[in-house]
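Engineer:
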Amino acid sequence: MTTYAEVYNAWKNDPDGFWMKQAEAIDWDRMPTKALFDDNAPLYEWFKDGLVNTCWNAVDRHVEQGRGEQPAIIHDSPVTHTKREITYVELRNRVATLAGALRAKGVEKGDRVIIYMPMIPEALEAMLACARLGAIHSVVFGGFASHELAVRIDDCKPKAIIAASAGIEPGRVVHYKPLLDGAIDQATHKPDFCVIFQREQEVAELKEGRDVNWHGFQYGVQPADCVPVEGDHPAYILYTSGTTGQPKGVIRPTAGHLVALNWSMKNLYNVDPGDVFWAASDVGWVVGHSYICYAPLIHGNTTIVFEGKPVGTPDAGTFWRVISEHNVRSFFTAPTAFRAIKREDPRGEFVRKYDLSCLRTLYLAGERADPDTINWAKEQLQVPVVDHWWQTETGWAITGIPMGIEEMEIKIGSSGVPMPGYDVQILDEAGQPVGPDTLGAVAIKLPLAPGTLPTLWNAEDRFRKSYLDHFPGYYETGDAGMIDADGYLYIMARTDDVINVAGHRLSTGAMEEILAGHPDVAECAVIGVTDQLKGQLPMGFLCLTKGVNREHSEIVKECVARVRDEIGPVAAFKLAVVVDRLPKTRSGKILRATMVKLADGEDFKMPATIDDPAILDEIRAALQPIGYAKG
Ligand code: COA
Ligand code: AMP
Numbered sequence: 001m002t003t004y005a006e007v008y009n010a011w012k013n014d015p016d017g018f019w020m021k022q023a024e025a026i027d028w029d030r031m032p033t034k035a036l037f038d039d040n041a042p043l044y045e046w047f048k049d050g051l052v053n054t055c056w057n058a059v060d061r062h063v064e065q066g067r068g069e070q071p072a073i074i075h076d077s078p079v080t081h082t083k084r085e086i087t088y089v090e091l092r093n094r095v096a097t098l099a100g101a102l103r104a105k106g107v108e109k110g111d112r113v114i115i116y117m118p119m120i121p122e123a124l125e126a127m128l129a130c131a132r133l134g135a136i137h138s139v140v141f142g143g144f145a146s147h148e149l150a151v152r153i154d155d156c157k158p159k160a161i162i163a164a165s166a167g168i169e170p171g172r173v174v175h176y177k178p179l180l181d182g183a184i185d186q187a188t189h190k191p192d193f194c195v196i197f198q199r200e201q202e203v204a205e206l207k208e209g210r211d212v213n214w215h216g217f218q219y220g221v222q223p224a225d226c227v228p229v230e231g232d233h234p235a236y237i238l239y240t241s242g243t244t245g246q247p248k249g250v251i252r253p254t255a256g257h258l259v260a261l262n263w264s265m266k267n268l269y270n271v272d273p274g275d276v277f278w279a280a281s282d283v284g285w286v287v288g289h290s291y292i293c294y295a296p297l298i299h300g301n302t303t304i305v306f307e308g309k310p311v312g313t314p315d316a317g318t319f320w321r322v323i324s325e326h327n328v329r330s331f332f333t334a335p336t337a338f339r340a341i342k343r344e345d346p347r348g349e350f351v352r353k354y355d356l357s358c359l360r361t362l363y364l365a366g367e368r369a370d371p372d373t374i375n376w377a378k379e380q381l382q383v384p385v386v387d388h389w390w391q392t393e394t395g396w397a398i399t400g401i402p403m404g405i406e407e408m409e410i411k412i413g414s415s416g417v418p419m420p421g422y423d424v425q426i427l428d429e430a431g432q433p434v435g436p437d438t439l440g441a442v443a444i445k446l447p448l449a450p451g452t453l454p455t456l457w458n459a460e461d462r463f464r465k466s467y468l469d470h471f472p473g474y475y476e477t478g479d480a481g482m483i484d485a486d487g488y489l490y491i492m493a494r495t496d497d498v499i500n501v502a503g504h505r506l507s508t509g510a511m512e513e514i515l516a517g518h519p520d521v522a523e524c525a526v527i528g529v530t531d532q533l534k535g536q537l538p539m540g541f542l543c544l545t546k547g548v549n550r551e552h553s554e555i556v557k558e559c560v561a562r563v564r565d566e567i568g569p570v571a572a573f574k575l576a577v578v579v580d581r582l583p584k585t586r587s588g589k590i591l592r593a594t595m596v597k598l599a600d601g602e603d604f605k606m607p608a609t610i611d612d613p614a615i616l617d618e619i620r621a622a623l624q625p626i627g628y629a630k631g
């Protein structure tokens, strides 16, 4: 039997040999001559001289190999009370026709296509149709509003946008079409055309000359074949929050993505082709890209597209119903979802209504998994609970417990051990590795594993500045943590202004930019305060322009509405207070970390560099009436 240590060492001793071996599981149009291309270090590329197509590997080859009748996608939608299965052969036909229609309207290899859709199979079909043509998709999460969509349109300049007419959130319909129209109006770049998938719940008005109907524009077209692309060809761009309002366009390279994701399905998630795999996330996030769409399909699994919430659609038993009904083997979600369920069903009464014997392992990621949540999940489901850590930038796990290799010890509080391809180190401020159990910056020795970002879209300087410059020779993750003597990693906090709300990565800087745009706000700060359900919530501090004497509550309301309108409801920005001054260092830096501790009611050391300690008392006085800064 192979052990994790043997696999990890096999990679360390011969990285190229290891990845070329894994590459054999992929169908190549031209096999690459080697794995790593380091001639442009510290920028790296993988399998660059290979030729390959993602859609072929995710769809067509399974039909060729006899999986045509197996469900590729199960759509389970409690919000619309529908369930539907799409087999691999149906998926192949649907995607080939959609790709043919896009091609007929001029979409070619290298063109960008934005996809703005809810959790419906058509979202995956749109992604796969782009992959079929070698077009580069960029999926935008439905919880983002027009402004965020416009920023992405101007950055990646799509030839086409594919959207649905509507999404369904509990209690309200999300009108995608007006949001899309608003975004195109705001953006400088205009797409050549938009494809609108009309849902039964809402039929959107189409703009003559620009919008086409999903079904109508496919009528009578010639299905498209898969277009082989070079190994380093971008498969997609996915925008993620950085420290400013301008999101970072993470590029996913085609070949490394195929090889790494395929490896992860058996070795990390322990599923075999044919098994049902479920990631309860959204296609708008990296988890959705990798583990709702690509990895399960590349590996010949059945994937579930779930359109609902962990609670309220209709109850806290929905997840268990889906697992039991569809025979889910491995299940992946964010700790927030479990906290929401636990809050409604602390004794697990819903859990016991379903036969969950099919489930072998639960995987958690996206935010820190607190021990209470892990223990509750373990006790209720009676399966191992694996916390694993990764980022949009990497596209797959950096650390975890490779259940398909070995059932290693799981240490609660740790997100596991490094996967092959990742040499994870803890560094001090001077960039020197520290010993076991010592807190520091989590960095990864270059090169990163296959499938990880080679650079940022149109922003190589920003890529170098954000990730490579601080610790030469390493990739800076932006997380702080430690590694114990057995090599297990513990992620403790972010080192930048990125916060994590319900497993969603958000930029406090982006919210500050929006608040600063309010005419009455002279200065502001946004921090992430602790929340029992969502892990963190954004909280704004507003200093008003001199002479403004309007009701503070009115200004707060307007600021909350501004963030919702510009970023979108997903920002969950609902807390804000007006204060006279912000605590700063003598050099003028806002003491955000101190403000977080104060708001959370934690003990803190008065920063030696603080300009005026009395400001902290003013902040405390503003927070206590809204239930913060107690203790
Ligand atoms: N389209 C439009 N709006 C969306 C949306 C989408 N796809 N997803 C979320 N929103 C909206 C919500 O309706 C909510 O709006 P509201 O302020 O009008 O209520 C807002 O964005 C905040 O959403 P969320 O933070 O998800 O909170 P919630 O209260 O609606 O739900 C949970 C709480 C715990 C049920 C939910 O956060 C959840 O399922 N979390 C799992 C996290 C997850 O899957 N993360 C992915 C990374 S692995
Ligand atoms: P995203 O790019 O949205 O996936 O967010 C990545 C960030 O989420 C990481 O840099 C961490 O800060 C956090 N994160 C993801 N997974 C974990 C985990 N298992 N434990 C702790 N934090 C996590």
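According to UniProt numbering, the sequence shown is numbered sequentially starting from 1.
Ideal placement from N, C-alpha and C gives every residue a C-beta, glycine not left out.
The structure presented is a predicted model; accordingly, all values stated were derived computationally and were not measured.
1. Can you check which of these residues, P121, L238, W278 and R67, is closest to N458 by C-alpha distance?
2. Counting only the same chain and skipping the five closest in sequence on each side, list residues whose C-beta sits under 7 Å from that of V107.
3. Rounded to whole angstroms, what's the CA-CA distance from M511 to T594? Just pull it up for me.
4. Is there at least one non-hydrogen atom of the ligand FMN closer than 7 Å to the beta-carbon of K309?
5. What are the partner residues of A525, as DSSP defines its beta bridges?
6. Would you report the Cα separation of S330 and G451, rounded to the nearest angstrom?
7. Given the structure, does E460 come close to the ligand COA, in the sense that its CB is under 7 Å from one of the ligand's heavy atoms?
8. Quick one: is Y236 buried, meaning 16 or more other Cβ sit within 10 Å of its Cβ, or exposed?
9. Check the C-beta distance from W278 over to V328 and give it rounded, since I have them as a contact under 8 Å.
10. Looking at C-alpha atoms only, which residue of P234, A295 and D192 is the closest neighbour of F47?
11. Does the separation of the CB atoms of A224 and M265 fall below 8 Å?
12. At which residue ranges does the region 108-147 contain complete beta strand (DSSP E) runs of 3 or more residues, listed in the order of the chain?
13. Strictly by DSSP, which residues pair up with N500?
14. Excluding five sequence neighbours on each side, which residues of the same chain lie with their C-beta closer than 6 Å to the C-beta of Q222?
15. May I have the straight-line CA-CA distance separating R94 from L258, to the nearest angstrom?
16. Check whether the Cβ of R152 sits closer than 7 Å to any heavy atom of the ligand AMP, and report yes or no.
17. Between A516 and the rest of its own chain, which residues show a CB-CB distance below 8 Å, the 5 nearest in sequence each way excluded?
18. Measure the C-alpha to C-alpha separation of G416 and H388 and round it to an integer number of angstroms.
19. So within the region 149-177, which uninterrupted beta strand (DSSP E) runs reach at least 3 residues, ignoring any that extend past its ends?
20. Rounded to whole angstroms, how far is the Cβ of I410 from the Cβ of V424, which I believe are closer than 8 Å?
21. What distance in whole Å lies between the Cβ atoms of G216 and V287, which are believed to be in contact at a cut-off of 8 Å?
22. How many Å lie between A441 and P121 at the Cα?
23. Check whether the Cβ atoms of Q201 and T80 sit closer than 8 Å, and answer yes or no.
24. Leaving out the 5 sequence neighbours to the left and right, which residues in its chain are closer than 6 Å to E69 when beta-carbon positions are compared?
25. Would you kindly report the start and end of the unbroken alpha helix (DSSP H) that includes I341?
26. Closer than 7 Å to a non-hydrogen atom of the ligand COA - does that hold for the CB of K177?
27. So, using beta-carbon positions, are G249 and L456 closer together than 8 Å?
28. Closest by CA to F144, which one among F37, R505 and A614?
29. Is DSSP giving P223 helix, strand or coil here?
30. Identify the residues that DSSP records as bridge partners of I86: which are they?
31. Whose C-beta lies closer than 6 Å to the C-beta of M127 among residues of the same chain, with five residues either side of it excluded?
32. Counting beta carbon pairs with one atom in the region 38-54 and one in the region 309-325, are three or more of them shorter than 8 Å?
33. Buried or exposed, going by whether 16 or more other CB atoms sit within 10 Å of the CB of L533?
34. Out of curiosity, what's the CA-to-CA distance linking Q218 and R252?
Structural biologist: Judging by the given coordinates:
1. L238
2. V113, L133, A135, K159 and A160
3. 19 Å
4. With respect to the ligand FMN, the structure offers nothing, as its ligand set consists of the ligand COA and the ligand AMP.
5. F541
6. 22 Å
7. no
8. buried
9. 5 Å
10. P234
11. no
12. 112-116 and 136-139
13. R505
14. G100
15. 22 Å
16. no
17. E523 and C524
18. 6 Å
19. 160-164, 166-169 and 172-175
20. Wrong, their Cβ atoms sit about 18 Å apart, outside the cutoff.
21. Not really, about 33 Å apart at Cβ, beyond 8 Å.
22. 39 Å
23. yes
24. T87
25. P335 to E344
26. no
27. yes
28. R505
29. coil
30. I73
31. H137 and C293
32. no
33. exposed
34. 28 Å
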